[in-house]
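Residue numbers (our numbering), protein chains in the order written: chain A, 20 to 368; chain B, 9 to 162; chain C, 172 to 566; chain D, 6 to 531.
What follows is a short report on a single structure.
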Amino acid sequence: MLVKINGQEYEVDQGTTILQIAREKGIYIPTLCYLERVSPIGSCGLCVVEVEGQDELVQACNTYVEDGMVINTDTPSVKAARKAALEKILEKHPLDCPVCDKAGECKLQDLVYELGYEERISHKVVGIPLLKEPPVSYSTPGIKYYPSRCVLCQRCVTICSEYVGREVLVVNEEGDKPRIEPLYADRCISCGECLAVCPVGALTENVSPLKVRPWQKKVSRTVCPYCGVGCVLELNVGDNRVVKVTVDESIPPNYGTLCVKGRFGFEFINSEKRLKRPLIRKNDEFQEVSWDEALDFVAEKLTAIKESAGPDAIAGLASAKCTNEDNYVFQKFMRAVIGTNNVDHCARL
Amino acid sequence: MDKVQIFEYIQSKSPVDILEGGVAKDCVFVRVSRDNLLNFMGFLKDNEDLAFDLISDVTAVDYYTDKTPRFDVVYHVFSLKNHERIRVKVAVDEGQEIASVTGLWRGAEWLEREVYDMFGIPFSGHPDMRRILMPEDYKYYPLRKDFPLEGIED
Amino acid sequence: MTLPLKKERDEMILNMGPQHPATHGVLRLLLELEGEVVKKVVPIIGYLHRGIEKLGEERTYIQNLVLTDRLDYTAAMSNNLSYALAVERLCGIEVPERARVIRVIMAELARIAAHLLWIGTYALDIGAITPFFYCFREREKIMDMFEMVSGQRLTPSYICIGGVRKDITPTFLEALRNFTDTFESYILDYEGLLSKNPIWLARTRDVAVLSKEDAINWGTTGPVLRASGVQFDFRRATPYCGYENYEFEIPYGTRGDCYDRYRVRMEELRQSNRILKQALNNLPDGPVLADVPYIVMPDKSQVLTDIEALIKHFKIASGAFQIPKGEVYSSIENPKGELGFYIVSDGSSRPYRMRIKSSCFVNLSALPFMVEGQMVADVVAAVGSIDIVLGEVDR
Amino acid sequence: MTNSLADIEEAEVILVIGSNTTENHPVFGMKLRRLARRKGTRIIVADPRKIDLTEDAFLYLPIKPGTDIALINGMMNVILREGLHDEDFIAEHTEGFDEFRKVVEKYTPEYVAEITGVSSSDIEKAARLYGSAQRASIIYCMGITQHTKGTNNVKSLANLALLCGNIGKPGTGINPLRGQNNVQGACDMGGLPATYPGYQQVANDEIRKKFEDAWGVKLSGKVGLTVVEMGDAALSGDVKAFYVMGENPILSDPNLHHLEEALQKLEFLVVQDIFFTDTCKYAHAVLPAAAYAEKDGTFTNTERRVQRVRRALNPPGEARDDWWILCEVARRMGYEMSYKNSEEIFEELRKLTPQYAGITYKRIETVGIQWPCPTEDHPGTPILHVGKIARGKGLFTPIEYKPPVEQPDEEYTFILTTGRNYYHYHTGTMTRQCMVCNFYVPEPYLEMNPDDARELGLNDGDAVKVCSRRGEIELKVKLSSRMKRGEVFSTFHFSEARVNLLTGSELDPISKIPEFKVTAVKVVKP
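So this is what it looks like as structure tokens:
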């Protein structure tokens with residue numbers, strides 16, 4: 020199937036949307052509500068493009084390509100329409116940026132900066148004053164919900180019903196400002212997918228007491244320490260504390276999805292109860308000692324038992340929670356240093 | 009002569025081939041190869057119409073992994089006659105030397121010493137090739153991209 | 172540290188600086204003397220090196236403006252101007268008319284303040300105490316004016332990318348008017364003290380001579396170049412901020428000695444005063460900050476009422492903005508000579524490379540050429556006459 | 006897993022047996038739910054409890070705990086009877102089909118229905134579903150393995166797969182969902198009494214020679230003890246010292262009274278962990294280790310994908326990497342072992358482990374590689390047994406059904422199965438520190454059928470005492486319609502009510518896994 024975009028011919032196969040082919044060919048079309056993993060939502064109106072032969076502008080995200088279609092993505096009318104769509108959202112948006120956790124990583128901010136690069140988006144004052152509204156209750160304690168910041172893109176509703184399959188969220192139309200409602204909160208499994216896809220600060224993370232801006236934190240990619248699926252996630256660390264967990268949607272095996280333990284189960288890392296110094300039992304209570312003293316004590320005791328009762332009198336439990344390197348060194352320690360094969364771990368439990 | 013005329017003049021009369029050139033927002037810019045540098049600079053200075061007689065600046069830019077060869081040595085020379093400036097760029101790789109232009113303009117002496125001090129690009133034929141800002145026995149080149157901002161204490 | 176000099180016969184190696192009243196900062200001169208005659212001079216600099224160019228690569232364009240105040244700290248306003256012009260040319264930003272005139276006013280005031288400081292301290296170097304107090308009396312008025320517009324005397328950061336930070340107030344205009352009306356007479360006072368003073372003439376006439384060809388060959392700019400007979404000024408050669416609309420002459424000397432450099436700077440005071448008067452008379456109305464959404468922060472009043480302005484303010488302040496890719500070299504006529512900025516941009520909010528061309532750095536490199544073979548006392552006169560500020564030399 | 010998580014999408018039918026996927030492997034559970042809803046993949050769930058996945062299951066088989074073999078044999082009986090099996094695959098790729106066939110003949114649906122409590126029509130329906138599908142996958146977890154006949158359970162699943170040729174193709178295979186983040190890695194690295202890294206046999210002299218050369222020391226060829234045997238050996242005095250790294254056996258081992266005595270008898274116990282766990286109470290030395298977020302290294306997930314773990318922050322206080330601690334102790338015991346960083350260890354281990362040979366840190370910088378990966382240009386193996394069975398011919402093993410060791414009687418009337426909860430992980434040392442997990446499941450609970458509870462005069466949230474032949478615990482009742490009558494469920498995450506005080510330590514003869522899933526208990530008011 021042949022399609023012309025901005026004067027360039029492209030070969031496209033059946034069933035692809037304009038947005039998909041544009042992204043594939045590197046043609047820029049701004050989007051707010053588009054989410055790859057689910058079927059197109061088409062609520063924000065930012066991805067409108069001009070299709071010859073149709074007087075109305077068409078949403079690129081949910082319009083399928085037809086043979087011989089001629090599409091333009093940056094004519095003045097398209098640009099004006101994009102600005103109008105953004106202006107409609109901005110009019111009802113509170114001036115929360117200084118107090119909003121999402122500022123600096125917010126898609127609305129990026130869009131306003133991109134589309135308003137050359138000149139202002141709207142020529143009148145837009146937005147509503149700083150409301151200082153406290154967050155309202157949501158379906159899980161892990162997430163704070165600020166209804167006034169919601170731009171009604173419905174990404175959260177779609178991902179919860181279609182991708183996660185719990186259908187917790189619905190759009191509540193009444194009242195002056197329609198908003199998202201966690202109607203079936205008891206079905207929520209706190210997976211945090213809604214938090215992950217919310218482009219603005221309506222849904223923000225509520226676990227870490229410390230909040231940092233994007234330029235104050237270090238993001239490192241690692242693997243979740245819990246179940247065997249081995250989801251790849253990114254720990255956002257600020258001032259040596261894990262502040263929140265984010266995910267890259269392009270990496271297997273989880274492609275951007277997490278569960279409650281992966282998304283919110285990171286507080287143990289910075290818990291005060293972590294072991295900080297080696298302990299040795301002296302007349303029945305534990306005393307903090309230096310590393311040298313502890314290591315010497317362990318080495319002495321193990322050597323003594325090894326000599327008196329033989330290597331097989333010592334047994335070792337490796338760990339399914341430690342890394343391959345740790346386990347390799349552990350079994351090498353038991354086999355080469357102690358001299359026994361009494362090595363096992365909790366794979367059986 | 010204005011910018012465009014200067015550029016055409018150079019393109020037609022230059023003794024060495026111009027690898028890259030054009031009229032940028034601020035002035036004419038030309039790129040020549042490392043070996044043709046002295047020859048080209050001499051042409052710029054001695055030619056009466058061009059008369060690039062006042063050396064404005066000699067510096068370098070470290071492109072680290074974004075470009076090989078890694079460094080660009082950049083000369084800005086001003087012509088009092090035409091009130092125009094020219095930017096001459098030469099690509100230099102790590103460890104390579106480049107000819108010094110102190111023979112043409114004595115003003116370049118300290119400028120080249122600073123480039124050596126900050127980037128580690130030695131200038132052959134320079135009367136006094138020493139570091140200028142950092143202490144003599146300093147081992148690193150601070151303006152390189154792989155040198156950390158907070159410095160290295162050893 | 173190994174000394175780059177070899178000591179023979181009865182020569183003496185003298186360390187002048189880095190702590191020395193006449194080195195205008197932390198310049199250190201290694202003098203090889205044979206009796207009173209200077210055999211060899213090796214300037215050693217770097218004691219005030221803060222790595223401003225390296226810092227420039229780690230901070231955004233907005234944050235770098237504050238660094239430029241610390242280059243030639245006697246004329247911070249014109250450092251800001253040079254940096255602002257460079258970034259504006261890179262992005263292709265047009266500054267409003269009123270801001271251009273305010274910029275000229277501020278640059279000329281900075282030039283006068285820098286020259287007054289130079290005359291005061293240079294006279295002290297040579298031994299005349301009185302001119303210092305006269306000059307600093309006027310300089311204080313200019314400092315007050317800077318404080319009126321920017322709240323800062325020495326590091327105003329007033330001229331920013333896209334124009335100037337705040338509009339000037341009527342009280343400022345009144346102070347400027349008083350200053351320009353009375354300043355002519357004060358210049359006569361300074362000249363009365365020095366111009367025909369026999370000791371002054373003896374210490375400066377035919378001392379540290381730099382011929383016209385040598386001045387050009389050494390790449391000197393500013394008063395040092397003009398004193399050697401080259402009638403050249405960047406404000407006339409490559410006009411910026413509307414300098415082409417002002418009448419002013421370019422003073423130049425004939426013999427290229429310390430005295431001519433003094434004469435050139437005294438004359439520049441008068442010319443700057445003339446420019447200030449012309450600027451005062453046709454100061455247009457209108458905004459003082461260009462409306463460039465991607466790099467110029469909106470006005471604070473809008474930020475507290477309009478979400479679009481708030482978002483733009485947040486993005487720019489947090490360094491999450493982009494400017495066009497490219498590179499530019501732009502320079503202005505600083506009181507000391509050419510202050511150039513060569514900025515390479517990779518499109519992000521931080522310069523990929525920010526090179527600062529300092530005229531003092533290049534002018535100072537000609538010092539050994541000037542004073543070798545002359546008397547020790549002349550070294551003090553020579554260093555003072557070049558008018559160096561180590562903040563700009565070392566960066 | 007023989008296949009990988011991604012190619013499950015190509016399965017038409019998925020048999021989920023003994024795995025509460027949506028709670029214990031949530032992200033994979035979501036995918037199964039999505040496949041069922043949007044792609045129409047038919048899921049058969051076989052589990053004593055009516056787990057959440059049954060909402061989207063095509064067919065639910067409410068099986069009695071410990072009767073899996075009977076169910077599977079029953080299904081195979083129907084498949085053979087209706088000729089749904091893949092004759093040419095069996096002929097070409099398998100052996101031992103005939104004796105196996107004779108045994109299966111006995112397991113008619115009616116006979117199996119009695120044993121398993123699943124209606125014969127459902128069994129036939131499940132068999133037809135699995136048999137007729139071009140591509141059918143089997144997903145199982147600890148529900149299958151934690152029995153005294155765990156190995157046989159797995160072997161009968163293998164029979165089922167071989168019968169229909171569901172092996173070596175996308176969307177097929179026998180796929181255990183390993184429970185923990187690096188349990189696959191720990192096994193691969195030789196954390197087992199009988200094998201060196203890469204499952205190379207300790208008893209094999211030639212292999213041992215290879216490791217002796219690599220480590221420069223004489224190695225013992227005697228197969229070591231498994232975790233439960235270690236407990237017994239400590240009681241009998243044969244074993245005098247334990248070195249425990251990152252484990253909390255006081256909660257996770259079966260028959261805990263037995264283990265507590267053993268630990269007290271030990272002359273020396275070292276525990277190396279990130280928290281002061283209950284096991285540390287018995288220790289003589291406790292060494293602070295770095296948590297996963299403070300370590301560089303690799304984990305291997307359930308689909309054999311080796312993935313990079315990166316250090317995100319500094320360990321608290323003086324906590325250090327586990328391997329550093331072990332190297333220091335080794336050095337003090339006269340064996341020089343030191344590494345600059347974890348990559349150096351990985352380089353050493355991949356030279357000794359054939360399956361990991363081609364994997365390097367550089368290659369897995371962004372995406373992990375699934376072993377076996379013999380050479381550095383090998384792309385990894387998403388699916389095992391492609392083209393032909395790894396061991397040559399797929400082996401049919403005839404397996405007879407035997408009832409679980411411990412049957413309910415008039416005193417211990419209930420069957421208790423233990424397992425995990427969505428919000429908690431293993432012995433709870435990590436998740437019980439986290440606000441969201443604690444919010445939903447703050448304390449231990451016993452899931453019970455509402456009618457059973459009414460008979461005992463209990464209502465939701467009452468305190469109750471659960472006793473078995475080995476011990477008793479107190480916890481709160483939680484009524485749930487998921488439970489069948491006569492069955493109760495609890496978890497081992499909570500130290501204040503250690504359910505493993507009740508479980509017995511009878512082991513599967515080969516895998517030495519205890520019978521966690523079937524324990525006879527009685528439930529009384531305290």
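For every residue, glycine included, the Cβ atom is placed at its ideal position computed from N, Cα and C.
Quick one: measure Cβ to Cβ for residue i and residue j, integer angstroms, because I've assumed they're closer than 8 Å.
| i | j | result |
| --- | --- | --- |
| VAL370/A | CYS217/A | The displayed coordinates of chain A run from 20 to 368. Any statement about residue 370/A would go beyond what the structure contains. |
| CYS331/C | THR375/C | Going by Cβ atoms, the distance from CYS331/C to THR375/C rounds to 40 Å, so no, they are not a contact pair. |
| ASP193/D | GLN360/D | 7 Å |
| GLY23/D | TYR145/D | 5 Å |
| LEU51/A | CYS172/A | 5 Å |
| THR307/D | GLY247/A | 4 Å |
| GLN438/D | GLU286/A | 5 Å |
| LYS147/B | TYR72/B | That belief does not hold up - the Cβ atoms of LYS147/B and TYR72/B are roughly 19 Å apart, past 8 Å. |
| LEU372/C | SER399/C | Not a contact, Cβ separation roughly 19 Å. |
| GLY50/B | VAL533/C | So it is not a contact: roughly 21 Å between Cβ atoms. |
Where do the N-terminal and C-terminal ends of the alpha helix (DSSP H) with residue i fall, by residue?
| i | result |
| --- | --- |
| CYS213/A | 212 to 216 |
| TYR585/D | Outside the displayed range of chain D (6 to 531) lies residue 585/D, so it cannot be described from this structure. |
| PRO341/C | 341 to 365 |
| VAL275/C | 268 to 297 |
| ASP125/B | 116 to 127 |
| PRO369/C | 369 to 375 |
| VAL395/C | 394 to 398 |
| GLY353/D | Rather than Gly, the amino acid found at residue 353/D in this sequence is Glu. From DSSP, the alpha helix (DSSP H) with GLU353/D extends over 347 to 357. |
Locate the beta strand (DSSP E) running through residue i, then write down its first and last residues.
| i | result |
| --- | --- |
| LEU185/C | 183 to 187 |
| LYS407/D | Careful: LYS407/D lies outside any beta strand (DSSP E) and carries neither H nor E. |
| ALA246/D | 246 to 250 |
Given 7 Å as the limit, tell me if residue i has its C-beta closer than that to any heavy atom belonging to the ligand NAD.
| i | result |
| --- | --- |
| GLY115/B | With respect to small molecules bound, the structure shown includes none, and the ligand NAD cannot be examined in it. |
Do residue i and residue j have their C-beta atoms within less than 8 Å of each other?
| i | j | result |
| --- | --- | --- |
| THR496/D | THR423/D | yes |
| LEU440/C | ILE503/C | no |
| ARG38/D | ASP315/A | no |
| LEU134/D | ARG47/D | yes |
| GLN205/D | ALA339/A | no |
query: What alpha helix (DSSP H) runs, 4 residues minimum, are completely inside the stretch 295 to 332 of chain A?
result: 310 to 328
- request: Identify each residue in the stretch 527 to 547 of chain C for which the Cβ-Cβ distance to at least one residue of chain A is less than 9 Å, and report them in chain order.
  value: The stretch 527 to 547 of chain C vs chain A, Cβ under 9 Å: nothing.
Members of the stretch 60 to 79 of chain B that neighbour chain C once the beta carbon cut-off is set at 7 Å: Flagged, chain order: ASP61, LEU62, ILE63, SER64, ASP65, THR67 and VAL69.
query: In chain order, what residues of the stretch 456 to 479 of chain C put their CB closer than 7 Å to some CB of chain A?
result: PRO464, TYR465, THR476, ASP477, ILE478 and GLU479
field: Members of the stretch 493 to 518 of chain C that neighbour chain B once the beta carbon cut-off is set at 9 Å
entry: Going along the stretch 493 to 518 of chain C in chain order, one finds GLY497, GLU498, VAL499, TYR500, SER501, SER502, GLU509, GLY511, TYR513, VAL515 and ASP517 with a Cβ nearer than 9 Å to chain B.
message: Any C-beta of chain C within less than 7 Å: which residues of the stretch 18 to 45 of chain B qualify?
response: Result list: LYS33, ASP34 and CYS35.
- request: Please list the segments of the alpha helix (DSSP H) lying wholly inside the stretch 55 to 96 of chain D, counting only runs of 4 or more residues, in order along the chain.
  value: 73 to 86
- prompt: What are the uninterrupted segments assigned as beta strand (DSSP E) that are 3 or more residues long and contained completely in the stretch 68 to 103 of chain A, given in chain order?
  reply: 88 to 91
message: Extract the residue ranges of the beta strand (DSSP E) inside the stretch 179 to 259 of chain C, only unbroken runs of 3 or more that lie entirely within it.
response: 183 to 187, 199 to 205 and 208 to 215
message: Runs of 4 residues minimum, wholly inside the stretch 174 to 200 of chain A: which ones carry the alpha helix (DSSP H) assignment?
response: 174 to 177
field: Cβ-based contacts, 8 Å cut-off: residues of the stretch 239 to 260 of chain A near chain D
entry: SER239, ARG240, THR241, VAL242, CYS243, PRO244, TYR245, CYS246, GLY247, VAL248, GLY249, CYS250, VAL251, LEU254, VAL256, ASN259 and ARG260
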